[in-house]
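The working numbering puts the sequence shown at residues 1121 to 1368.
First the structure, in the form of structure tokens, and then the observations on it.
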Amino acid sequence: MSHPSQSSRTPRGHRNTTSSITKTPVHINIYDLLPPGRLSSTLWTLGASLLHTGVVIKDREYAFGGHNRNGVTGVYWTKPKTEPPGGTWRQEILHGFTYASPEEIEEIIRDASKEFTGPSYNLLTRNCNHFTSHLCKALTGQPAPNWINRAASIGVALPCVVPQGWVEPPECELEDQGEEARLTGRRSMERDDAWDESEYEEEDDDDLHHHPGQRKDDWGTRQLGDVKDTQGREIPSAERARMDRTVT
């Protein structure tokens, strides 16, 4: 009986030959999207935080966000450890290694960017963490750890326990309205139903060189106004794509 060749079973990010092998580490940066405090610390300890993640390849961090421009990718890059709006850098983990060449890595990222378009974004079923897992698997053969997207999984089953803006929840009341604000982590956002190139916030390249723990009001060029996911939920600022750094 013939058996499939080893090359047919090898992920694109791996090679069978030991000659001219390039070994590139693949890191995941993890950001907490809840305001710092007792609640976010407790959820982080329990592994149930609301998280944003990005995949770090050399000097770039790749992530996925939503927008409403048809046919345009939602995959973008930043300098590693650049905190998203309202987010706090929590941890960097070494996910593994890819043995793909630089050209192959670029091809893998381009393929992922074609699949993850901005209008396909969904807060619970196709968010930045789904992209992180997809890209990690394409590069290393192993998806990202499940716990980075646990809040979204919980939200599908138990919508009362995630921010109200993420779901259309059943009737569930909280006794303390102040606690509700903490749970939802809501922040006021500038709204404008019209969308054009002028509705962006911009920053210089030099502003990207900041360190974890430093707060920034702007995080590049992001679409403002009313931006919805595939089920009509408003996409938080932290989960909107940087339109000035999308992958092409």
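All C-beta atoms in this analysis are idealised placements derived from N, C-alpha and C, irrespective of residue type, glycine included.
In this text, all values refer to a predicted model and were calculated from it rather than measured experimentally.
Throw me the rounded Cβ distance for the residue i and residue j pair, which I believe falls under 8 Å.
i: K1234; j: T1193; result: 7 Å
i: A1361; j: F1251; result: About 11 Å; that fails the 8 Å criterion.
i: L1171; j: I1268; result: 6 Å
i: I1148; j: A1264; result: 6 Å
Enumerate in chain order the residues of its own chain whose CB-to-CB distance from residue i is below 6 Å, with the five nearest sequence positions on each side excluded.
i: V1218; result: The question names Val, yet the displayed sequence has Thr at residue 1218. Contacts found: G1133, T1144, V1146, L1259 and T1260.
i: L1255; result: V1175 and A1232
i: F1236; result: F1184, G1194, V1195 and F1251
i: G1157; result: none
Can you give the Cα-Cα distance for residue i and residue j, rounded to whole angstroms?
i: Q1262; j: I1213; result: 14 Å
i: E1226; j: I1150; result: 22 Å
i: T1202; j: S1221; result: 26 Å
i: Q1351; j: P1200; result: 30 Å
i: R1370; j: S1253; result: No information on residue 1370 is available, as it lies outside the stretch 1121 to 1368 that the chain covers here.
i: L1159; j: T1208; result: 14 Å
i: H1330; j: N1190; result: Per-residue confidence for H1330 stands at a pLDDT of 41, beneath the threshold of 50, marking its modelled position as unreliable; the derived number appears in the next sentence. Each residue's alpha carbon lies about 32 Å from the other.
i: P1205; j: Q1211; result: 17 Å
i: G1167; j: R1270; result: 7 Å
i: W1286; j: E1224; result: Residue confidence is low: W1286 scores 47 on pLDDT, short of 50, so the model does not pin down where it sits. Its coordinate-derived value is still stated next. The straight-line gap from Cα to Cα measures roughly 36 Å.
i: T1368; j: R1353; result: 27 Å
i: K1348; j: D1179; result: 31 Å
i: T1341; j: R1365; result: 8 Å
i: I1228; j: T1165; result: 34 Å
i: N1249; j: Y1241; result: 11 Å
Could you please give me the residues that DSSP links to residue i through a beta bridge?
i: T1144; result: T1218
i: T1366; result: Y1196
i: W1209; result: Y1151
Using 8 Å as the limit for Cβ to Cβ distance, is residue i near chain D?
i: A1358; result: Absent from the structure: chain D. Only one protein chain is present.
Spatial neighbours of residue i within its chain, please: C-beta separation below 8 Å, excluding the five flanking residues on both sides.
i: N1188; result: G1238, P1239, W1315, Q1343, V1347 and K1348
Secondary structure, alpha helix (DSSP H): runs of 4+ residues fully inside the segment 1152-1205 = Within the segment 1152-1205, the complete alpha helix (DSSP H) runs of at least 4 residues are 1158-1166.
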